[in-house]
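Asks:
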Amino acid sequence: MSNNIEYKKDPKNGKAIAGGIILIVGIVLLFHQLDLFFFPSWLFSWPMWLILPGLYIGAKSNFQKPAWFILVLLGVAFLADEAIGNDADKLIWPGVFIAFGIWMILRRNNKLDQAKWNKFEHGFKKQPVDFTPPPAEPVVDYKVKNEGEPVVINEPVAGNTHTHHPYNDDLLDVVAVFGGVDRIIMSKSFKGGEIVNIFGGTEIDFTKADIQGQVIVEITQVFGGTKLIVPPHWHVISDMSSIFAGVDDKRMRHTTTINNEKVLVIKGVSIFAGIDIRSY
218 MSNNIEYKKD
228 PKNGKAIAGG
238 IILIVGIVLL
248 FHQLDLFFFP
258 SWLFSWPMWL
268 ILPGLYIGAK
278 SNFQKPAWFI
288 LVLLGVAFLA
298 DEAIGNDADK
308 LIWPGVFIAF
318 GIWMILRRNN
328 KLDQAKWNKF
338 EHGFKKQPVD
348 FTPPPAEPVV
358 DYKVKNEGEP
368 VVINEPVAGN
378 THTHHPYNDD
388 LLDVVAVFGG
398 VDRIIMSKSF
408 KGGEIVNIFG
418 GTEIDFTKAD
428 IQGQVIVEIT
438 QVFGGTKLIV
448 PPHWHVISDM
458 SSIFAGVDDK
468 RMRHTTTINN
478 EKVLVIKGVS
488 IFAGIDIRSY
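If you read the sequence shown in the numbering used here, its first letter stands for residue 218, the second for the next number, and so on.
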């Protein structure tokens with residue numbers, strides 16, 4: 218009997234909390250228009266348009282997705298900057314980067330790491346215990362070359378100097394902060410993954426990969442960009458929440474039959490950033 222207990226959160230709870238947030242916002246706006254109560258001016262400032270969507274996304278996903286944290290963190294930083302003044306820049310923005318760094322370090326229980334651990338644990342339990350003693354260390358016969366023999370130097374292969382790195386894992390986990398990441402997905406059973414761009418860019422090439430059924434790639438980016446190169450026969454569905462951003466699908470139309478059994482779903486939040494989808 219397995220002792221592993223999985224605690225699943227009810228998505229209805231998240232939707233109820235999200236609905237409650239929208240209800241409270243509506244009531245506050247109504248009272249503000251009727252002048253029934255006094256509300257501080259910062260409550261209606263533009264950084265609240267980052268905080269409120271962040272809370273909504275977090276409540277809807279049971280606070281499992283990273284997008285809500287990034288939105289709320291940036292909103293609070295801009296809000297504090299307006300409330301305190303110009304002197305706040307010396308402390309607020311370093312604090313934002315410190316908080317984001319701590320969050321990235323402590324983000325150990327995300328779905329990708331959990332899936333990798335479950336896969337490792339599942340494979341580990343299937344392996345029988347081998348009590349056979351390890352073999353003895355082989356005896357190496359060292360041979361000293363003559364002084365007249367030429368020395369052979371192994372030169373690096375020219376084809377391995379490119380910046381696009383093959384990636385054989387079934388799960389994708391990319392974080393680009395003030396930099397760029399290029400990946401070529403080689404897996405023939407790609408399961409999905411997560412991309413986080415903060416003032417950075419990511420390029421993912423799926424032309425040598427394969428998927429079965431529906432696969433979800435979640436993208437969270439602020440002041441960054443993502444380029445996805447997908448096979449022309451894949452069905453790509455965009456379910457992004459964009460704020461001053463957009464998804465640009467530049468694939469050729471009506472040239473290849475779309476396979477509805479290979480569906481790539483793009484979810485997440487894009488703020489002041491763009492997503493470029495192409496096929497070659």
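Every residue gets a Cβ at the ideal spot worked out from N, C-alpha and C, and that includes glycine.
1) If you follow the beta strand (DSSP E) that D456 is in, where does it begin and where does it stop?
2) Does the separation of the CB atoms of V486 and S455 fall below 9 Å?
3) From Q344 to K408, what does the alpha carbon distance come to, in whole angstroms?
4) Shortest alpha-carbon distance to G417 belongs to which of V434, V398 and F423?
5) Output yes or no for whether 9 Å exceeds the beta carbon distance between I475 and I483.
6) Provide the residue span of the beta strand (DSSP E) that contains L445, from first to last.
7) Quick one: what does DSSP say Q431 is sitting in, helix, strand or coil?
8) Quick one: what's got a C-beta closer than 7 Å to A490's C-beta in the same chain, skipping five residues either side?
9) Label K277 either buried or exposed according to how many other C-beta atoms from any shown protein chain fall within 10 Å of its C-beta, with 16 as the threshold for buried.
10) Based on Cα-Cα distance, which residue from D465, A233 and G318 lies nearest to F395?
11) Just the C-alpha distance for L389 and D427, rounded to the nearest angstrom, thanks.
12) For V369, count neighbouring C-beta atoms within 10 Å of its own C-beta (all shown protein chains included) and say buried if the count is 16 or more, exposed if not.
13) Using three-state DSSP, classify I268 as helix, strand or coil.
14) In whole angstroms, what is the alpha-carbon distance linking N279 and I238?
15) Is N414 near the ligand ZN, going by C-beta to nearest heavy atom under 8 Å?
16) Could you please give the first and the last residue of the uninterrupted alpha helix (DSSP H) stretch that includes L291?
17) Looking only at DSSP bridge pairs, what is G243 linked to?
18) Does K208 pass the burial test, meaning 16 or more other C-beta atoms within 10 Å, or should it be called exposed?
19) Thinking just about the alpha-carbon of each residue, which of R468, H452, Y497 and W259 is nearest to the one in K479?
20) Would you give the residue range spanned by the beta strand (DSSP E) that D176 belongs to?
Replies: Inspection of the coordinates gives the following:
1) Working through the sequence shown from its first residue, we reach residue 456 at position 239. Per DSSP, D456 belongs to the beta strand (DSSP E) from W451 to I460.
2) Taking the first residue of the sequence shown as 1, we reach residue 486 at position 269. Taking the first residue of the sequence shown as 1, we reach residue 455 at position 238. No; because the gap between Cβ atoms is not below 9 Å, this pair is not in contact.
3) In the sequence shown, the residue the question calls residue 344 occupies position 127. In the sequence shown, the residue the question calls residue 408 occupies position 191. Its pLDDT being 49, under 50, Q344 is placed unreliably in this model, and the coordinates cannot settle the point.
4) Taking the sequence shown and counting its residues from 1, one reaches residue 417 at position 200. Selection V434, V398 and F423 evaluated against G417 yields V398 as nearest (Cα-Cα).
5) For the purposes of this step, residue 475 is identified with residue 258 of the sequence shown, where counting begins at 1. For the purposes of this step, residue 483 is identified with residue 266 of the sequence shown, where counting begins at 1. No, they are not a contact pair.
6) Residue numbering aside, residue 445 sits at position 228 when the sequence shown is read from its first letter. Per DSSP, L445 belongs to the beta strand (DSSP E) from G442 to I446.
7) Looking up residue 431 in the sequence shown gives position 214. Three-state result, Q431: strand.
8) Your numbering for residue 490 matches position 273 in the sequence shown. Around A490: N414, Q438, V439, F440, G441, G442 and A462.
9) By one-based count along the sequence shown, residue 277 stands at place 60. Buried, since its Cβ has 16 or more Cβ neighbours within 10 Å.
10) Counted from its first residue, the sequence shown places residue 395 at position 178. Selected option, being the one with the closest Cα: G318.
11) Reading the sequence shown from its first residue, position 172 is the one you call residue 389. Reading the sequence shown from its first residue, position 210 is the one you call residue 427. The straight-line gap from Cα to Cα measures roughly 13 Å.
12) Along the sequence shown, one-based indexing puts residue 369 at 152. Residue placement at V369 cannot be trusted, given a pLDDT of 44 that sits under 50; the coordinates are not used to answer.
13) Locating residue 268 in the sequence shown gives position 51, counting from the first residue. DSSP places I268 in helix when its eight states are reduced to three.
14) Looking up residue 279 in the sequence shown gives position 62. Looking up residue 238 in the sequence shown gives position 21. So the alpha carbons of these two residues sit roughly 13 Å apart.
15) This structure lacks the ligand ZN; in fact it carries no ligand of any kind.
16) Numbered from 1 along the sequence shown, position 74 holds the residue referred to as residue 291. Here the alpha helix (DSSP H) through L291 covers A284 to I301.
17) Counted from its first residue, the sequence shown places residue 243 at position 26. Answer by DSSP bridge pairing: none, since G243 is not bridged.
18) The question about residue 208 has no answer, for the chain in this structure spans 218 to 497.
19) Residue numbering aside, residue 479 sits at position 262 when the sequence shown is read from its first letter. Comparing Cα positions, the closest option is H452.
20) This structure cannot settle anything about residue 176, because the visible part of the chain is limited to 218 through 497.
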